[in-house]
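Protein chains: 2
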Amino acid sequence: MAELETELREGEVAIALPPQSDAGVYFIGTIRTPWPTRRDCPKRGSLDGPSCSIVVDERWREALTDLAAYKRIQVLYWMHHARRDLVLQTPFSSMLTTGTFALRSPVRPNPIASSIVQLISIDGTTLQVRGLDCVDGTPLLDIKPERGALAD
Amino acid sequence: MAELETELREGEVAIALPPQSDAGVYFIGTIRTPWPTRRDCPKRGSLDGPSCSIVVDERWREALTDLAAYKRIQVLYWMHHARRDLVLQTPFSSMLTTGTFALRSPVRPNPIASSIVQLISIDGTTLQVRGLDCVDGTPLLDIKPERGALAD
């Protein structure tokens, strides 16, 4: 939890979060990348970037059936290091204050990221992909084929 | 809950879900569409389709700051009618059994949908958009600008 930010930059506004959540998500696997901390991560994943692993929990093995037919997949994951209570943010890159929903920052009420990645291979419950930009150990939420992305 | 499916079609496999969830999501608003049930929904949203409303909860009002600069936004929502325990599914449209992660079906461990929609207008905390295909009353999870989708 050392990466949790608690200080506010100029212009940033935090609100009180709702007293309880409305639904629960299951972490269905783990994403392994070369980047141990958020500071190490590229700003945006590249299809030319390094191969990363997605390790799906054994419970969901059969759900991978036929996925190898796709060359591009959508990966949803949980940005577990991000705070959730900012409505206005001042990104360090621009130092311009703007609304959370006008940013793709990890800091948001529900820290769910969506990436389209290239599927290289599947071996058992481990996928090799290119195009991710998240920290090593990020919890996996979902895998879906990108629309119309059947392999040649 | 009348729409919850409990029967299995040929080839479908249900598993035991984990005993508890790993993180909680907040419903941050409600999506209003012309489709009262899943049966009424189009199979896929179209940018030529009807205008739908996204009503953001008052708590998150400031997070909409500057969003109007974007012409296309990504909307994440929770498909609250879908069961979560199928690893193999037999879609009615094809009657071919395949893995949950090789489908974009609402039925998945975490029923999170992602749609890219056209942003028509924002009035207070209500957005008008085109391109959704979900049932009326669907809970909203997130709004983000599509990458590179600044309005002209």
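Protein chains in written order, with my numbering: chain A, 5 to 156; chain B, 5 to 156. Think of the CB as a built atom: it goes at the ideal place given N, C-alpha and C, for glycine as much as any other residue. Predicted model, so just to flag it, every value in this text is computed and none were measured.
Same chain, Cβ closer than 7 Å to residue i, five either side skipped, listed in chain order
| i | result |
| --- | --- |
| B:Gly141 | Thr34 |
| B:Pro143 | Phe31, Thr34, Tyr81, Trp82 and His84 |
| A:Ser109 | Gln93 and Pro95 |
Chain-ordered chain B contacts of residue i [CB-CB under 7 Å]
| i | result |
| --- | --- |
| A:Thr104 | Ala67 |
| A:Ser25 | Gly28, Val29 and Tyr30 |
Chain A contact residues for residue i, given Cβ-Cβ distances below 7 Å
| i | result |
| --- | --- |
| B:Arg112 | Asp146 |
| B:Val91 | Trp64, Glu66 and Ala67 |
| B:Leu71 | Gly103, Phe105 and Ala106 |
Chain A within 8 Å of residue i, Cβ atoms only
| i | result |
| --- | --- |
| B:Glu7 | Because B:Glu7 sits at a pLDDT of 45, beneath the cut-off of 50, its placement in the model cannot be relied upon, and the point is left open. |
| B:Val59 | no |
| B:Pro143 | yes |
| B:Ile124 | no |
| B:Val17 | yes |
| B:Arg13 | no |
| B:Ile116 | yes |
| B:Pro22 | yes |
Minimum Cβ-Cβ distance from residue i to chain B less than 8 Å
| i | result |
| --- | --- |
| A:Arg108 | yes |
| A:Gly28 | yes |
| A:Asp156 | Only weak support is given to the placement of A:Asp156: the predicted model assigns it a pLDDT of 47, under 50, and the question is left unresolved by the model. |
| A:Pro149 | yes |
| A:Leu80 | yes |
Terminal residues of the beta strand (DSSP E) in which residue i lies
| i | result |
| --- | --- |
| A:Gly33 | Gly33 to Arg36 |
| B:Gly49 | Note, B:Gly49: premise wrong, no beta strand (DSSP E); not H, not E. |
| A:Gln78 | Arg76 to Trp82 |
| B:Ser55 | Ser55 to Val60 |
| B:Ile147 | Thr142 to Pro149 |
| B:Arg134 | Thr130 to Arg134 |
| A:Ser125 | Ile116 to Asp127 |
| A:Val91 | Leu90 to Gln93 |
| B:Ala27 | Ala27 to Val29 |
Own chain, CB closer than 6 Å to residue i, minus 5 neighbours either side, in chain order
| i | result |
| --- | --- |
| B:Asp61 | Ile32 and Gly33 |
| A:Val17 | Val91 and Leu92 |
| A:Pro46 | Asp137 |
Heavy atom of the ligand GTP within 7 Å of residue i beta-carbon
| i | result |
| --- | --- |
| B:Ala20 | For the structure depicted, the ligand GTP is absent and the ligand set is empty, with no information on it obtainable. |
Chain B contact residues for residue i, given Cβ-Cβ distances below 9 Å
| i | result |
| --- | --- |
| A:Pro40 | Result: empty, since nearest Cβ-Cβ is about 21 Å, beyond 9 Å. |
Close-in-space but distant-in-sequence residues of the same chain around residue i (CB under 8 Å, 5 per side omitted)
| i | result |
| --- | --- |
| A:Phe105 | Arg112 |
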